[in-house]
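Sequence lines, in order, name chains A and B.
Taking the working numbering, I'd label the letters of the first sequence as residues 1 to 199.
Taking the working numbering, I'd label the letters of the second sequence as residues 1001 to 1199.
Using N, Cα and C, we set each Cβ at its ideal position, and we do this for glycine too.
Because the structure is a prediction, the values reported are computed rather than measured.
Here the structure comes first, spelled out in structure tokens, and everything after it is commentary.
Protein chains: 2
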Amino acid sequence: MFLVVATQTERRTETRARLLEAAAELFAERGIEASSIDAVAALAGRTSGAVYDHFGNKDGLLRALLESWVDDVSSAVVAELDAATTLDERLLALWHNVAAPPSGDGRWIALEHELWAYAVRHDDTRAYLERRYRAAWAGVEVAAADWVDHDTAGIGPSVIGLLLGLEMMRRIDPSAVTDDVALDALRGVVLGARSPARI
Amino acid sequence: MFLVVATQTERRTETRARLLEAAAELFAERGIEASSIDAVAALAGRTSGAVYDHFGNKDGLLRALLESWVDDVSSAVVAELDAATTLDERLLALWHNVAAPPSGDGRWIALEHELWAYAVRHDDTRAYLERRYRAAWAGVEVAAADWVDHDTAGIGPSVIGLLLGLEMMRRIDPSAVTDDVALDALRGVVLGARSPARI
DNA sequence: GAATATACATAGTCAGTCCTATGTTTCTCG
DNA sequence: CGAGAAACATAGGACTGACTATGTATATTC
Chain A
1 MFLVVATQTE
11 RRTETRARLL
21 EAAAELFAER
31 GIEASSIDAV
41 AALAGRTSGA
51 VYDHFGNKDG
61 LLRALLESWV
71 DDVSSAVVAE
81 LDAATTLDER
91 LLALWHNVAA
101 PPSGDGRWIA
111 LEHELWAYAV
121 RHDDTRAYLE
131 RRYRAAWAGV
141 EVAAADWVDH
151 DTAGIGPSVI
161 GLLLGLEMMR
171 RIDPSAVTDD
181 VALDALRGVV
191 LGARSPARI
Chain B
1001 MFLVVATQTE
1011 RRTETRARLL
1021 EAAAELFAER
1031 GIEASSIDAV
1041 AALAGRTSGA
1051 VYDHFGNKDG
1061 LLRALLESWV
1071 DDVSSAVVAE
1081 LDAATTLDER
1091 LLALWHNVAA
1101 PPSGDGRWIA
1111 LEHELWAYAV
1121 RHDDTRAYLE
1131 RRYRAAWAGV
1141 EVAAADWVDH
1151 DTAGIGPSVI
1161 GLLLGLEMMR
1171 RIDPSAVTDD
1181 VALDALRGVV
1191 LGARSPARI
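Structure, rendered in structure tokens:
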């Protein structure tokens, strides 16, 4: 019951890819702790033995998934941002990448939430996620500096947090978070950042 | 090994309260699925038998916890909002109730996240959470209508989402989300809601 | 105050999970 | 082409968790 593939290296590479793909799918859909190694292996068309040979244990699988995944998303976002010219276009591009990701893989945001929930309870994963978010925050602040004419220092967490929070609300009731609602909120955070209260 | 309390009703009432308190504690700290019935019972000074006699199964325990919890938080928030007079004071009161809840129970936001994560995968709990959030959104919109002089329809999900999202970022790195950062973002969302882009 | 009901405790079942040890088939290399 | 290695598969151990069935001490009722 073995695949007949040209070389061992090819077979190993494909197995690794299938396992990571299956893990991403299941982790996003059912949650990390609720997904068993056997279920991941089965979805990949392999058995648990393959997982342990490749990743050692469940944590190794998660770690490998994160590594293979780091900037898939952010690079996709950057590409879309480059194509936009007005502020609203850019903000909408941001939101669409969260709410309705175009690039095949429409589950990354669910995986992001799952990862956050896992990380806040597991210190080593938390450290990893902290680096990741710091980079994302910095990326937002640098990009936003080109969009508006005031200081954008410190708005990274607000923008990323708003995007994730809006997605949470959208998962509760999609009709409550239209593009207009999201756009207004994002514009408010980016533009109103340092403006004094008007009331 | 039985408590000697006046009446059976009293004993039952106290046991129920202790079990719910323990469930809230563990669910918030370790997650719902990661908390065993035995652990909840042990923390409450009881055994699993008590849990099954009171709530039938684990889902019943969660359901009861939610019921007992519905507006504890929102009523606390409303009280603090009444004491505030300026917009910034109100927004800061909102944020502090999320970031550093004063009322004894500093875990409600973690429980809220845990509940959200659980609900998006369990339809019946999701239906419950939907009602809850709709009420919260409406509450925000009604309250905000008194704070600003423009239409606040539709900002409920943005404000709630921003609060939750900011708290997520704060859990990753507390120093990244200062009161000022949160206040700026909230002000932006509330004030800039329907204003046209200025750039 | 005996019979019954109540409020739990105790013991045990069954299924699921992570992981280890070992087997088997295919590939690789001299 | 034969020996060894590589890439998995298989079997099983040890544990945990939800849930059930039953036992027992306390309270209530007649």
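query                                                                                                                                                                : result
Looking at A:R16 and the ligand ATP, is the gap between the Cβ and the nearest heavy atom below 7 Å?                                                                 : Annotation note on the ligand ATP: not contained in the displayed structure, which lists no ligands.
According to a CB-to-CB cut-off of less than 8 Å, which residues of the segment 1124-1140 of chain B neighbour chain A?                                              : R1126, L1129, E1130, Y1133, R1134 and W1137
Please check if any C-beta of chain B sits within less than 8 Å of the C-beta of A:I109.                                                                             : no
Helix, strand or coil for B:E1033? Go by DSSP, reduced to three states.                                                                                              : coil
In chain order, what residues of the same chain have a beta carbon less than 7 Å from the beta carbon of A:A119, not counting five sequence neighbours either side?  : T125, R126 and L129
In chain order, what residues of the same chain have a beta carbon less than 8 Å from the beta carbon of B:W1147, not counting five sequence neighbours either side? : L1087, R1090 and V1190
Considering A:W137, what are the terminal residues of the alpha helix (DSSP H) in which it resides?                                                                  : D123 to A145
Any beta-carbon of chain B closer than 8 Å to the one on A:I160?                                                                                                     : yes
Would you kindly work out how many angstroms separate the C-alpha atoms of B:S1036 and B:A1145, rounded to a whole number?                                           : 44 Å
When the cut-off is 8 Å and only beta carbons count, does B:L1065 lie next to chain A?                                                                               : no
Assuming A:T47 and A:A41 make a contact with CB atoms under 8 Å, what is their CB distance in whole Å?                                                               : 5 Å
Tell me whether A:A182 sits in a helix, a strand or coil according to DSSP, three-state version.                                                                     : helix
In three-state terms, what does DSSP make of B:P1157?                                                                                                                : helix
Would A:E14 be called buried (16 or more neighbouring beta carbons within 10 Å of its own) or exposed?                                                               : exposed
What in chain B is Cβ-close to A:W116, meaning under 7 Å?                                                                                                            : M1168
So the alpha helix (DSSP H) A:S68 belongs to, where does it begin and stop?                                                                                          : It is not in any alpha helix (DSSP H) - A:S68 carries neither H nor E in the DSSP assignment.
For B:W1137, which residues of its own chain have a beta-carbon under 7 Å away from its beta-carbon, when the five flanking residues on both sides are left out?     : G1156, P1157 and I1160
Kindly indicate which residue of B:A1024, B:E1010, B:L1183 and B:T1178 has the alpha-carbon position closest to the one of B:I986.                                   : Since the first and last residues shown for chain B are 1001 and 1199, residue 986 of chain B lies out of range.
B:E1080 to A:S74, Cα distance in whole Å?                                                                                                                            : 39 Å
By the DSSP assignment, the alpha helix (DSSP H) with A:S175 in it spans what residues?                                                                              : Element bounds for A:S175: n/a, residue is neither H nor E.
For the alpha helix (DSSP H) containing A:H229, list its first residue and its last residue.                                                                         : The structure shown does not extend to residue 229 of chain A, since chain A spans only 1 to 199, so no value can be given for it.
Less than 7 Å between C-beta atoms, sequence neighbours within five positions excluded: which residues of the same chain meet that for B:K1058?                      : I1037
Tell me where the alpha helix (DSSP H) around B:R1090 begins and ends.                                                                                               : L1087 to A1099
Select from A:R107, A:H54 and A:T7 the residue whose C-alpha is nearest the C-alpha of A:L26.                                                                        : A:R107
For chain B, is any of its Cβ atoms less than 8 Å away from the one on A:E206?                                                                                       : Since the first residue of chain A shown is 1 and the last is 199, residue 206 of chain A is not available in this structure.
Taking the continuous alpha helix (DSSP H) assigned at B:A1084, which residues delimit it?                                                                           : It is not in any alpha helix (DSSP H) - B:A1084 carries neither H nor E in the DSSP assignment.
What is the DSSP secondary structure of A:G188, counted as helix, strand or coil?                                                                                    : helix
Using a C-beta cutoff of 8 Å, does A:I37 count as contacting chain B?                                                                                                : no
Just to check my reading of the structure: A:L166 and A:V177 have Cβ atoms closer than 8 Å, yes? What is that Cβ distance to the nearest angstrom?                   : 5 Å
Below 8 Å on the Cβ atoms is my guess for B:R1121 versus A:G31; work out the distance and round it to an integer in Å.                                               : 7 Å
Can you name the residues of chain B whose CB is closer than 8 Å to the CB of A:D146?                                                                                : The premise fails here: A:D146 is roughly 11 Å from chain B at the closest Cβ pair, so nothing lies under 8 Å.
Since B:F1055 and B:A1044 should fall inside the 8 Å C-beta cutoff, what is the C-beta to C-beta distance between them, to a whole number of angstroms?              : Between B:A1044 and B:F1055 the Cβ distance is about 12 Å, and since that is not below 8 Å, they are no contact.
Which chain B residues are close to A:D173, counting only those with a beta carbon under 9 Å from its beta carbon?                                                   : E1130, Y1133, R1134, W1137 and P1157
Looking at the structure shown, is B:R1018 part of a helix, part of a strand, or coil, going by DSSP?                                                                : helix
Since A:V51 is in the alpha helix (DSSP H), which residue starts that stretch and which ends it?                                                                     : S48 to F55
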